[in-house]
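S.K.: Numbering (the numbering used here), first residue to last: 203 to 495.
Glycine is no exception: its CB is placed at the ideal position from the N, C-alpha and C atoms.
Treat the numbers as computed from the prediction; the structure is a model and nothing was measured.
Got a structure here, written out as structure tokens. Questions coming.
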């Protein structure tokens with residue numbers, strides 16, 4: 203059973219779930235290919251499901267994410283998703299997680315992330331949106347934000363929550379007005395266009411206007427990663443990690459003139475120079491550490 207979707211929703215035409223008003227008992231994960239998950243990731247997902255009986259686990263790979271966006275997204279959402287460069291799977295996964303929880307409600311965990319305990323113990327009956335403070339990550343753009351970066355490797359929200367609407371509108375605007383020279387390419391480009399920087403900057407100005415509960419991830423048992431090392435997931439993605447990329451995060455709009463396309467190409471080439479230097483430096487550091495044992 204569903205209720206009619208709310209009026210004037212420019213993000214989705216999906217019906218409103220019966221759980222509206224509370225956090226749906228759904229756990230979403232984004233993975234590249236559900237049929238070829240590394241064993242470490244499979245163990246983590248099984249463990250999370252075992253800890254949360256009565257919760258529906260939704261493992262969404264690239265194909266299922268695209269189908270969900272196509273089925274329920276507004277023309278603006280669908281166009282933005284398609285413009286995100288396919289090589290940047292994490293950027294598309296960012297947009298998907300915000301949209302899926304906006305449409306369905308529920309909880310999102312990165313495939314590498316976990317929880318000590320259960321969601322039933324973490325969540326309260328009146329929770330509508332959990333705002334997670336990572337506590338130890340501060341980007342220059344977030345220097346004035348209390349608590350620094352808000353985490354989005356874990357999310358929990360009721361369907362159609364206005365804070366998620368604010369995030370979606372902010373991310374869509376960044377995609378539509380993307381500049382490689384301003385937002386960058388590679389990992390920093392993703393963080394600024396769809397990731398935690400975009401998420402935090404969209405939320406900070408409107409937090410006081412809408413219901414939410416602030417939590418500190420480590421204090422409530424949320425785990426950024428259950429893998430042996432924090433960087434272990436980088437070798438398990440099944441594709442080149444986005445920190446190694448120099449392509450534009452956002453592709454040209456199909457309606458653009460050749461002049462605008464050339465402008466995007468020129469900006470990308472300029473933005474790629476410092477990013478390539480950072481990549482080479484990271485590789486040198488990694489080789490040095492490996493040599494030192």
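1. Within a Cβ cutoff of 8 Å, which residues of the same chain sit near residue 326, ignoring the five residues on either side of it in sequence?
2. With distances taken between CB atoms, is the gap from residue 369 to residue 404 smaller than 9 Å?
3. Scan the region 344-429 and note each continuous alpha helix (DSSP H) run of 4 residues or more that stays entirely inside, going in chain order.
4. Output the boundary residues of the beta strand (DSSP E) element that contains residue 213.
5. Is it buried or exposed, residue 410, if we count other Cβ atoms within 10 angstroms and call 16 or more buried?
6. In or out: residue 319 buried (at least 16 other Cβ within 10 Å) or exposed?
7. May I ask you to check if the CB of residue 430 is nearer than 8 Å to at least one heavy atom of the ligand GDP?
8. Is the number of C-beta pairs between the region 373-389 and the region 474-494 that are closer than 8 Å three or more?
9. With a threshold of 16 other CB atoms inside 10 Å of the CB of residue 461, please say whether the residue is buried or exposed.
10. Based on Cα-Cα distance, which residue from 398, 468, 487 lies nearest to residue 350?
11. From the DSSP output, in three-state form, read off residue 334 for me.
12. I need the boundaries of the alpha helix (DSSP H) containing residue 481, first residue and last residue.
13. From the DSSP output, in three-state form, read off residue 225 for me.
14. Go through its chain and collect everything with a Cβ distance to residue 358's Cβ below 6 Å, but skip five positions before and after it.
15. Mapping DSSP to helix, strand and coil, what is residue 310?
16. How should residue 293 be labelled, buried or exposed, when 16 other C-beta atoms within 10 angstroms of its C-beta is the threshold for buried?
17. Name the DSSP bridge partner or partners of residue 316?
18. Could you check the C-alpha separation between residue 298 and residue 487 for me, to the nearest Å?
19. Counting only the same chain and skipping the five closest in sequence on each side, list residues whose C-beta sits under 8 Å from that of residue 275.
M.R.: Let me spell this out:
1. Looking up residue 326 in the chain shown gives position 124. Closer than 8 Å at the Cβ level, and outside the excluded window around residue 326, lie 415.
2. Along the chain shown, read from residue 1 onward, the residue named residue 369 stands at position 167. Along the chain shown, read from residue 1 onward, the residue named residue 404 stands at position 202. Yes, Cβ-Cβ distance for residue 369 and residue 404 is below 9 Å.
3. 364-378, 382-385, 388-395, 398-405
4. As a first step, residue 213 must be located in the chain shown, where it is residue number 11. It is not in any beta strand (DSSP E) - residue 213 carries neither H nor E in the DSSP assignment.
5. One-based indexing of the chain shown puts residue 410 at position 208. Exposed, since its Cβ has fewer than 16 Cβ neighbours within 10 Å.
6. For the purposes of this step, residue 319 is taken as the residue at position 117 of the chain shown. The residue is exposed, with fewer than 16 neighbouring Cβ atoms inside 10 Å.
7. No copy of the ligand GDP occurs in the structure displayed, which carries no ligand at all.
8. yes
9. Taking the chain shown and counting its residues from 1, one reaches residue 461 at position 259. It is exposed - the Cβ of residue 461 has fewer than 16 other Cβ atoms within 10 Å.
10. Numbered from its first residue, the chain shown carries residue 350 at position 148. Out of 398, 468, 487, 398 has the C-alpha closest to the C-alpha of residue 350.
11. In the chain shown, counting from the first residue as 1, residue 334 sits at position 132. Looking at residue 334 - three-state DSSP - the assignment turns out to be strand.
12. Taking the chain shown and counting its residues from 1, one reaches residue 481 at position 279. Its alpha helix (DSSP H) spans residues 460-494.
13. Indexing the chain shown from 1 puts residue 225 at position 23. Of the three classes helix, strand and coil, the one that applies to residue 225 here is coil, per DSSP.
14. For this step, residue 358 is matched to residue 156 along the chain shown. Once the five neighbours on either side are set aside, the close Cβ partners of residue 358 are 225, 309, 332.
15. Taking the first residue of the chain shown as position 1, residue 310 is located at position 108. In the structure shown, residue 310 sits in a strand (DSSP, three-state: E or B).
16. Here residue 293 refers to the residue found at position 91 when the chain shown is read from its first residue. Classification of residue 293: buried, given that the 10 Å Cβ count is 16 or more.
17. Position 114 of the chain shown, counted from the start, is the residue given in the question as residue 316. The partner list for residue 316 (beta bridge, DSSP) reads 425.
18. Counted from its first residue, the chain shown places residue 298 at position 96. Counted from its first residue, the chain shown places residue 487 at position 285. Going from the Cα of residue 298 to the Cα of residue 487 covers about 34 Å.
19. Here the question's residue 275 lines up with position 73 in the chain shown. The residues are 213, 214, 283, 301.
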